[in-house]
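Novice: Structure below; questions to follow.
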Amino acid sequence: MYAQMIKTAHSGVHKREDMTEQERAFQDRIDAGEKIEPRDWMPDDYRATLIRQIGQHAHSEVVGQLPEGNWITRAPTLERKAILLAKVQDEAGHGLYLYSAAETLGESRDELVRLLHEGRMKYSSIFNYPTLNWADIGAVGWLVDGAAIVNQVALQRTSYGPYSRAMVRICKEESFHARQGYSAFMAMALGTPEQKRMAQDALNRMWFPCLMMFGPSDKDSVHSEQSMAWKIKVATNDELRQKYVDQTIPQIEYLGLDLPEAGIVWNEARGHYDFDMPDWSEFFNVLKGNGPCNSDRMADRVNAWEDGAWFRDGLMAHARKARARKMAAE
Ligand code: BYC
């Protein structure tokens, strides 16, 4: 369904004076802070925007397993391995909650996965960067999940009920992820000089890709204005990016690491840190599929999907038989 709705998902901002009565009543419910539930009437492009965002969010959780999954067998201790395994497994669960939320809008998981595999849906740009060593894994947990939490805490207040409720649970698990990341990273930052060097290098490399997770600057964000009006998003890309920078700098200082060379200066008048924006041409290039890991990530996902076909078929055959048995017994 989303495939046919892609145009509607990009159809510009709705003005109140151009709305039908039904659309106006819908907007009033949003403005009053009501949650929209699956059986409620909603404009087609509200539905399409949600399917786009929730679908891409789900894909990010699943693709996001790859850079960390790659390190499960190489974790430095059994304890770190067990923690990482649990964390990567949680990400699959997050994907499931989100695909289920998209299903309540009438879009199947199979269809969303097909669109991802055909390159017609995106996933978070961050997962197109490599995890080169163990310090990177700590940095993913701390900085990437930390960025995800800032975004997702806000999304708990999103106007679509099933998305909002999925976020509540995801945020709880994500807090554990960020803490385990910070703990793993702290062991490196406070370790031997070589470990500290690795931690600093991981921080420097991941800084700008993490800032990109919040999306383009507000002036270049295509969807923000309408998504904010519908309260699908409750804060803009730049607002959340600023929040993330403000909360992360003290954490870097606590670790005794140098701040990334990224124009980070406390601005007393604003009460926030100033910082350089990422190189947006790099960001858009990664979105086009030209990041360091895009083709590997997609190849891994497509292979996993194809390799798992026999298992999905088996589950479906079993479900059909169980249903037939149940119906025969009734
Ligand atoms: N990467 O108009 P804009 C995790 C696209 S998983 C890729 O501002 P919007 C984790 C955007 O889709 C957490 N694409 O868009 C998992 C749009 O393109 P389309 C993932 C991006 O939607 C495992 C275009 O650029 N979190 O943390 O209003 C292990 C214009 O942008 C990105 C979510 O998905 C990007 N970074 O705002 C560890 C949060 N940024 O769709 C960790 C939910 C923008 O028109 N999503 N684009 O072709 C959101 O909150 C919003 O979708 C965004 C973008 C803030 C990301």
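For the sequence shown, this note's numbering assigns the number 58 to the initial residue and increments by one for each residue that follows.
C-beta: ideal position from N, C-alpha, C; glycine also.
(1) Locate the alpha helix (DSSP H) running through Trp264, then write down its first and last residues.
(2) Leaving out five residues on either side along the sequence, give the residues of the same chain with a beta carbon under 6 Å from the beta carbon of Ala204.
(3) Would you call the stretch 109–116 in contact with the stretch 178–194, where contact means no fewer than 3 C-beta pairs closer than 8 Å?
(4) Can the beta-carbon of Gln122 be found closer than 8 Å to that of Val145?
(5) Is there contact here, the stretch 355–363 with the stretch 327–340, by at least three beta-carbon pairs under 8 Å?
(6) Are the stretch 211–229 and the stretch 124–144 touching by the rule of at least three beta carbon pairs closer than 8 Å?
(7) Pairs of beta-carbons, one from the stretch 253–262 and one from the stretch 307–324, closer than 8 Å: are there three or more?
(8) Is Val302 a contact residue of the ligand BYC, with contact defined as CB to any heavy atom under 7 Å?
(9) Could you tell me the alpha carbon to alpha carbon distance between Ser165 and Leu153, rounded to whole angstroms?
(10) How many Å lie between Leu107 and Glu230 at the Cα?
(11) Cβ of Asn351 versus every heavy atom of the ligand BYC: is any distance shorter than 7 Å?
(12) Whole alpha helix (DSSP H) runs in the stretch 127–215 with 4 or more residues, listed along the chain?
(13) Please work out which residues of its chain come closer than 8 Å, Cβ to Cβ, to Asp202, disregarding the five sequence neighbours upstream and downstream, and give them in chain order.
(14) Identify, in the order they occur along the chain, each residue of the same chain with its Cβ nearer than 8 Å to the Cβ of Glu282, setting aside the five sequence neighbours on each side.
(15) Can you list, in chain order, the residues of its chain with a C-beta nearer than 8 Å to that of Met62? Leave out the 5 residues immediately preceding and following it.
(16) With 16 as the cutoff for other CB atoms within 10 Å, does His375 come out buried or exposed?
(17) Could you check what DSSP says for Asp331 in three-state terms: helix, strand or coil?
Specialist: In terms of the structure at hand:
(1) Per DSSP, the continuous alpha helix (DSSP H) segment holding Trp264 begins and ends at Pro250 to Met269.
(2) Closer than 6 Å at the Cβ level, and outside the excluded window around Ala204, lie Cys267, Met270 and Tyr301.
(3) Contact between the stretch 109–116 and the stretch 178–194 is present, because at least three Cβ pairs lie under 8 Å.
(4) Between Gln122 and Val145, the CB-CB gap stays under 8 Å.
(5) No: fewer than three Cβ pairs fall under 8 Å.
(6) Counting Cβ pairs under 8 Å, fewer than three are found: no touch.
(7) Enough Cβ pairs lie closer than 8 Å, so yes.
(8) It does not: the Cβ of Val302 is nowhere closer than 7 Å to a heavy atom of the ligand BYC.
(9) The straight-line gap separating the alpha-carbon atoms of Ser165 and Leu153 is approximately 12 Å.
(10) Distance between the alpha carbons of Leu107 and Glu230: 22 Å.
(11) Within the chosen limit of 7 Å, the ligand BYC does not reach the beta carbon of Asn351 with any heavy atom.
(12) If we require 4 residues or more, the alpha helix (DSSP H) runs fully inside the stretch 127–215 come out as 135–160, 166–174, 191–196 and 202–212.
(13) Around Asp202: Glu231, His234, Ala235 and Gly238.
(14) Val70.
(15) A distance below 8 Å between beta-carbons, with the five flanking residues on each side excluded, links Met62 to the following residues of its chain, in chain order: Asp101, Asp102, Arg104, Ala105 and Ile108.
(16) His375 is exposed by the Cβ-count criterion.
(17) Asp331: strand per DSSP, three-state reduction.
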